[in-house]
Amino acid sequence: MESSKEPPLQGTFECELCGLRVPYSYYGQKPPNTYSVTLLEDSYVMRDPFTPEKDKFLILGSECSLCSKRVCVGTDCSLFYAKRFCLPCANLHLEEFPLEIKQDLEKRIRSKPQSSRKGDSKDRKKK
């Protein structure tokens, strides 16, 4: 019988922007069972469930370097440019980023569907 030396779950990571909730097994810059990997930021990490290799992992997210919100690495929630930034903070400080990052952020904003705010459909039904 093979003994599993999986890292125990530490808690649940939740993105404060999109609501993604995932159990994580490590928080920091040096995930377990990785010898030559050091992350550039403290990150919430889980072992990759799609491979049996113990040294494979998924980075779930991190904290915004400006507001400290927990945000996932999804392109709708954050970006990494030397540090992690949630998109609301990045948009507030857009002029402080290099031109390429500004263009990328503007492209993300334009391509994001104009979804209705929470409660809009309820408000229409009440009328």
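Heads up, the sequence shown is in the UniProt record's numbering, so the first residue is 1 and it goes up one at a time.
Ideal placement from N, C-alpha and C gives every residue a C-beta, glycine not left out.
Keep in mind it's a predicted model, so treat the numbers as computed, not measured.
According to DSSP, Leu-79 sits in a beta bridge with which residue or residues? Phe-85
In whole angstroms, what separates the C-alpha of Ser-25 from that of Asp-42? 13 angstroms
Between which two residues does the alpha helix (DSSP H) containing Leu-60 stretch? Where Leu-60 is concerned, there is no enclosing alpha helix (DSSP H), although the beta strand (DSSP E) it sits in stretches over 57 to 63.
Does the distance from the C-beta atom of Cys-89 to that of Leu-105 stay below 8 angstroms? no
Would the segment 44 to 54 count as touching the segment 93 to 112 if we require 3 or more Cβ pairs under 8 angstroms? no
Just verifying my parser: in three-state terms, what is the DSSP assignment at Ser-43? strand
Exposed unless 16 or more other CB atoms sit within 10 angstroms - verdict on Gly-61: buried
Have a look at Phe-50 and Lys-56 and give me their C-alpha separation to the nearest angstrom. 9 angstroms
Please state the DSSP three-state secondary structure of Glu-14. strand
Taking 7 angstroms as the cut-off, is the CB of Leu-39 close to at least one heavy atom of the ligand HEM? Ligands displayed in this structure: none; no statement on the ligand HEM is therefore possible.
Terminal residues of the beta strand (DSSP E) in which Pro-23 lies: 21 to 24
For Lys-54 and Glu-63, believed in contact at Cβ under 8 angstroms, the rounded distance: Actually they are not in contact, since the Cβ atoms of Glu-63 and Lys-54 sit about 26 angstroms apart, beyond 8 angstroms.
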